[in-house]
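Okay, so the sequence shown: first residue is 1067 according to my numbering, each after it adds one.
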Amino acid sequence: MKKFTFKGVLDGFRSSAPQPPRVDQEIVETLRPDHFTVAKTFRHGFPFQPTAVAFDPIQHLLALGTKSGSLRLLGRPGVDSHMQHETDAAVIQIQFLTNEGALVTATSDDSIHLWNFRQKKPEVVHSLKFQREKITYIHLPLQSKWLYVGTDKGNIHVVNIENFQLSGYVINWNKTIDPTRKTHPGAIVHLSDNPADSSKLLIGFNCGQLVLWDLRSRCAEIRWQATEGLLSVAWHHEGKQFVCSHSDGSLSTWQARQQSAKPFSISTPHAKPNKDGKLDPCKPIQKVEWKGLRTTGEAYLIFSGGLPHDTAGRAPSITVIHGKTTTVLEMEHNVVDFITLCESPWVSDFQDPYAIVVLLQNDLVVIDLLTPGFPCFENPYPMDIHESPVTCCTYFADCPSDLIPAFYSVGSRTQKRTGFSEREWPVDGGEWSPTSCSYNEIIITGHADGSVKFWDASAGTLQVLYKMKTAKVFEKPRTKSTECSGMDDDPFAIQLISLCPESRKLCIAGASSHIILFKFRKQEATNETWKLEIPVNYEHLEEGGEYSPDYEYPPRQTIKTEVASEAKEVGPLRVRTGLQKKPPGFQAYLVCISIGLHGEPSSQITALCINSSYRLVAYGTECSIVVVDTEQRVCVLNMMTPDLYGSADPYQRVPRSPKRLNETSNEDRCRSPTSDQDLSDDSDDNCLKYLFRVHIFDKLDSSFSRSRSSSMSSLENISNESVQCLAFVDSYTRKSDSSPCPTLWVGTSLGSVLTVMITQPVSVEARLTTPVVLQPCGTIFRLKGTILTMSFLDCNGALIPYSYETWKDEKQEASKERSRWKVLQNYIETCSVEARPSISPTTTASTSAAEQFGDRQFAVLVSEKHARVVALPSQNCVYRQQLAETNFVVKSEIISLRDSICLVCYLSSGQLSAYTLPSLRPLIYMDFLPLADLSFQTSKQGIQGIVDPMLSIWGQQMFVNEDTDQIARTFCFSNRGHGLYLCSPTEMQKFTVSAEFCQSLNEMVGEMFLTREMPEPPKESFFRGLFGGGSRPLDREELFGESSGKASRSVAKHIPGPTLEGMNQRATSASSEVSRAHQMMVERGEKLGVLEERAERMRNEAESFSTSAHQLMLKYKDKKWYQL
1067 MKKFTFKGVL DGFRSSAPQP PRVDQEIVET LRPDHFTVAK TFRHGFPFQP TAVAFDPIQH
1127 LLALGTKSGS LRLLGRPGVD SHMQHETDAA VIQIQFLTNE GALVTATSDD SIHLWNFRQK
1187 KPEVVHSLKF QREKITYIHL PLQSKWLYVG TDKGNIHVVN IENFQLSGYV INWNKTIDPT
1247 RKTHPGAIVH LSDNPADSSK LLIGFNCGQL VLWDLRSRCA EIRWQATEGL LSVAWHHEGK
1307 QFVCSHSDGS LSTWQARQQS AKPFSISTPH AKPNKDGKLD PCKPIQKVEW KGLRTTGEAY
1367 LIFSGGLPHD TAGRAPSITV IHGKTTTVLE MEHNVVDFIT LCESPWVSDF QDPYAIVVLL
1427 QNDLVVIDLL TPGFPCFENP YPMDIHESPV TCCTYFADCP SDLIPAFYSV GSRTQKRTGF
1487 SEREWPVDGG EWSPTSCSYN EIIITGHADG SVKFWDASAG TLQVLYKMKT AKVFEKPRTK
1547 STECSGMDDD PFAIQLISLC PESRKLCIAG ASSHIILFKF RKQEATNETW KLEIPVNYEH
1607 LEEGGEYSPD YEYPPRQTIK TEVASEAKEV GPLRVRTGLQ KKPPGFQAYL VCISIGLHGE
1667 PSSQITALCI NSSYRLVAYG TECSIVVVDT EQRVCVLNMM TPDLYGSADP YQRVPRSPKR
1727 LNETSNEDRC RSPTSDQDLS DDSDDNCLKY LFRVHIFDKL DSSFSRSRSS SMSSLENISN
1787 ESVQCLAFVD SYTRKSDSSP CPTLWVGTSL GSVLTVMITQ PVSVEARLTT PVVLQPCGTI
1847 FRLKGTILTM SFLDCNGALI PYSYETWKDE KQEASKERSR WKVLQNYIET CSVEARPSIS
1907 PTTTASTSAA EQFGDRQFAV LVSEKHARVV ALPSQNCVYR QQLAETNFVV KSEIISLRDS
1967 ICLVCYLSSG QLSAYTLPSL RPLIYMDFLP LADLSFQTSK QGIQGIVDPM LSIWGQQMFV
2027 NEDTDQIART FCFSNRGHGL YLCSPTEMQK FTVSAEFCQS LNEMVGEMFL TREMPEPPKE
2087 SFFRGLFGGG SRPLDREELF GESSGKASRS VAKHIPGPTL EGMNQRATSA SSEVSRAHQM
2147 MVERGEKLGV LEERAERMRN EAESFSTSAH QLMLKYKDKK WYQL
């Protein structure tokens, strides 16, 4: 018989009572910190502010240097590597070690660096920083290990590139010039060997002084003096002549074997005589090259600049003189530098040029010299990202597989480029094989001119798929509008992009407070574009009247949809009227323009969301929210943000009278805060009888109140609350809800999360005619800071996919079936109380708990400061996490990674952080990118301009909302741990937080260096060698080696690279370990010696004891006991 005890009775009561579930034990989270590694992966676009270019004629690689110290190495498509110097000093010159897998860069901080790119990730091997002189020019002869370095003081130093040690051989400026010269010749602007005699070094000073220096005899052999400033020099391959370009637009040719006061010939190619018979002044010729052609014997003379000064509207140019033909090739941007691509790397032979690489300020152009007319090659690199400034980005990783072929098919038909050379792209170095990627990646960029570009970003490459121009939807503006909020000169600028990949519906928000809905079609169509004008909402105040939050304002019938041909045009943009021929791709279907009072555009659009299954588009502004029914083409909700609260508004609002945008007067500036609430009946159109709930927002006046660190009290006067985040989802709005229903979740700049219930007919037929009803449900949650993102999880912790409508070609499918209704009904049945939720293998307990207590969803709410996980429909906060204390979150997103999900955040302090879901357990917190590096996107340009001045009182360096909004629009997180941000106005940088992707990254990168044979040097003819016309070999090791002495240590400081430094550290560590082992062995030997001495002493003592014992034994051996 079982014995009853008091403890057993209590245990029985505990087991019978329902226990609250422990959420941390319900859902097994599989992500761990070792699954994360933050790394920058691929950089795409044109290098921003380029300064230098170089080409390896054997490896066929192109190097580009920039003002910020970055270096891009380009080969065939797919072979692209980005390097960055430790300092941000500009790259002033690049020299390849031809066919050796290395290059030398000279930077503006008076340093030279040796880069090794034999491995996939190039690294700096050596660096040498000059202490007293500034580097102005470097020259490395072919197959030489001695680098000539010219300085601003006119001196020339020699550096051994194998160990980056200075040679004792120095050419001082005072030994090169004529002894009778009384002034300093200036900086070195040119250094080169004589092609026929490498012992003769040609030195050019910027004052026009030219010196042929004999390296063997260490003296100046010939001197020339040009009348104008010298900019560049080029040798003829025979070594008998050289040509110089000057600052007055002239070219002078000099004989290399005779000293003369005047050049052999001088010409000004583009100068024309004026009325006085004198030549017109011309612009400087910045660079000239002289290349010989073996087939015809005629040389190419190529130079940049030299056009007349008085030529109005003349673009920068490259001039090619071949024989008696002069061709001027105009460029769209300023010419930074150019280089001629030749078949032979030997300067003493016919080099046979075949192309010209022209580095422009905003483009890279390659000209075909072998095709008549000199056409350009079609650039295979994505160098036109900045064709119009990028204003926003959207990144889709793991998108539907049929999306890229669809975009490519319409893009290839609508964008046919002609006029390019038919020859293959000449920069084809390296090797890259496309790796098979299990998922596709698409990047969508919005631009200031209203264009939208779709890019294929799969497998580490970037290729444009399709481009469309939203400006074609509108008529051309007669005058530039200055009324567009935020974009004075760019009324069509794209600010937000929302794409439903499954239904292929695209919605964009523009700078003129307009949105455009596009539908994708494979075929051309001719139809009209619908237009919907949405006025700014305001309320009529009646004495004694009360406002009801459920009252729909404005009434449904006051907002009408019209065909563009019948609509009355209001505002800065006018939609094109009549039938429009629309090419394949995204075709404009509906245009919504928010109109303010008196026809001015309303506030900026701050949030945008589209749901193809609901057939609704929602967008928020700085003061209101609008929802448009795309099926019936009507506005179903147009409400000020405070009206969403209803009677439970926690803030004390400051009402203001309606006024024109950007309109301030002296009276307004002097008016007291309470005077804005006075209403008068004498104003025009009775405007002051309306309480205008949208107010002019002054960024400077409210920067402190909206700063990230300031807390918002309900007692404060609030004049503005913008909608920052929108999400359509089948969810719960009340605690008593038993099944999910279509809802719109709204996040505001004050940290409020509100819901709007959507009521729409279930049948497809009724959906076409029955109106959709939206009813605000008030505030559910409040967080600190602006709401950034909202996502929803099911009871198993999996991300709830948004409902969508599958895309079908309208011409192929006569009957349009809506898949959303099936998805919605299935989801409702799955999540209803009577139905049993789906069970995950690892969450059996959680399923029973969810059934018992009724919570079937988790809402993840993220603000600039905090994150919360809330159970629905009970609305209990189950997890919370503080994301930032003194700083704030700039961008956050819920992404999928390793068959799980997590929250990733980019902080204003430059760190990346990640948290598990739903428990919000911290995973990583790593340094990534300082926010100041992205300040070029802000309106105030620079860290000091975008810091909240009030916060400097506490020594805090923080950004305000208005300045990080643009940064957040170009900073993207996506699935599988991928990310993207605009690293410069012309480049995009991809990154990852996935350790698994980092492990496979090396396989996706192309090989830069390939083993190739060096062509044989040109053979000298018998008579040329006999009469001394051939090239003479030079033993540079004998001249510049140890026999030349040691250089002064104060001239330059050697800095080993990370690789060499690591090797030195490892060698030092190994040496110290050997020394330590030797010391330990010596100590052990000493101890063994002491032990041996002790053992010897003990042995001697034992022998002595044995001898004494033996003697004692012998003494008493024969005696009896009684004799003892």
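Think of the CB as a built atom: it goes at the ideal place given N, C-alpha and C, for glycine as much as any other residue.
Cβ separation of residue i and residue j, assumed to be a contact under 8 Å, to the nearest whole Å
i: LEU1639; j: ALA1575; result: With a Cβ gap of about 13 Å, LEU1639 and ALA1575 do not count as contacting.
i: TRP1301; j: ILE1237; result: Actually they are not in contact, since the Cβ atoms of TRP1301 and ILE1237 sit about 19 Å apart, beyond 8 Å.
i: THR1457; j: HIS1513; result: 6 Å
i: LEU1973; j: VAL1812; result: In fact, because the Cβ distance is near 25 Å, the residues do not count as touching under 8 Å.
i: PRO1335; j: LEU1317; result: 7 Å
i: LYS1211; j: GLU1189; result: Not confirmed; about 19 Å, so no contact.
i: ALA2061; j: ASP1100; result: 7 Å
i: LEU2048; j: GLN1977; result: No, LEU2048 and GLN1977 are not in contact; Cβ-Cβ is about 19 Å, not under 8 Å.
Nearest to residue i (by Cα), restricted to the options the options
i: PRO1867; options: PHE2037, ILE1351, ILE1960, LEU2105; result: ILE1960
i: LEU1407; options: ILE1451, TRP1491, VAL1456; result: TRP1491
i: ALA1292; options: CYS2064, LYS1957, PRO1329; result: PRO1329
i: ALA2034; options: SER1869, ARG1289, GLN1561; result: GLN1561
i: PRO1220; options: GLN1275, PHE1794, GLY1863, ARG2160; result: Reading off the sequence, residue 1220 comes out as Gly, not Pro. If we check each option's Cα against that of GLY1220, GLN1275 comes out closest.
i: PRO1347; options: GLN1324, LEU1373, LEU1367; result: LEU1373
i: TYR1366; options: SER1414, GLN1790, ASP1418; result: ASP1418
i: SER1504; options: GLY1477, SER1487, PRO1466, PHE1440; result: PRO1466
i: GLY1662; options: VAL1828, VAL1401, ALA2113, GLU1688; result: GLU1688
i: ILE1582; options: GLU1599, GLU1568, PRO1567, THR1592; result: GLU1599
i: PRO1446; options: ASP1429, ASN1786, PRO1455; result: ASP1429
i: PHE1520; options: PRO1471, PRO1988, VAL1354; result: PRO1471
i: ARG1946; options: LYS1957, LEU1969, SER1962; result: LEU1969
Beta-carbon proximity of residue i to residue j, cut-off 8 Å
i: VAL1838; j: VAL1702; result: yes
i: ARG1964; j: LEU1130; result: no
i: ILE1824; j: GLN1941; result: no
i: GLY1844; j: LEU1816; result: no
i: GLU1590; j: PRO1649; result: yes
i: HIS1126; j: ASP1555; result: no
i: GLU1871; j: SER1678; result: yes
i: VAL1539; j: ALA1381; result: no
i: LEU1267; j: GLY1216; result: no
i: VAL1789; j: GLY1686; result: yes
i: LYS1597; j: PHE1584; result: no
i: THR1164; j: LEU1213; result: no
i: ILE1254; j: PHE1230; result: no
i: MET2070; j: ALA1523; result: no
i: MET2074; j: LEU1180; result: no
Opposing strand residues paired with residue i [DSSP bridges]
i: TYR1203; result: GLY1216
i: LEU1978; result: TYR1972, MET1992
i: CYS1861; result: BP columns for CYS1861 are empty, so no partner.
i: GLY1576; result: ILE1560
i: PRO2122; result: HIS1192
i: ARG1800; result: ARG1800 is not bridged to any residue.
i: MET1706; result: SER1690
i: LYS1106; result: PHE2057
i: SER1929; result: ILE1853
beta-carbon residue i near the ligand COA non-hydrogen atom, thresh 7 Å
i: LYS1931; result: The ligand COA is absent from the structure shown, which contains no ligands of any kind.
Beta carbon proximity, residue i to chain B, threshold 8 Å
i: THR1164; result: No chain B appears in the structure shown, which is made up of a single protein chain.
Original post:
Taking the runs of the beta strand (DSSP E) that are 3 residues or longer, which of them lie wholly in the region 1310–1384?
Top reply: Along the region 1310–1384, the beta strand (DSSP E) occurs as fully enclosed runs of 3 or more residues at 1317–1321, 1331–1333, 1351–1358, 1365–1371, listed in sequence order.
Subject >> Entirely enclosed beta strand (DSSP E) segments - the region 1421–1458, minimum 3 residues >> reply: List check, beta strand (DSSP E) in window: 1430–1434.
**OP:** Write down every uninterrupted run of the beta strand (DSSP E) in the region 2026–2066 whose length is 3 residues or greater and which is fully enclosed by it, in chain order.
**Re:** If we require 3 residues or more, the beta strand (DSSP E) runs fully inside the region 2026–2066 come out as 2037–2039, 2044–2050, 2053–2060.
Original post:
Where are the beta strand (DSSP E) runs, 3 residues long or more, that stay fully inside the region 1475–1518, in chain order?
Top reply: You should have 1506–1513.
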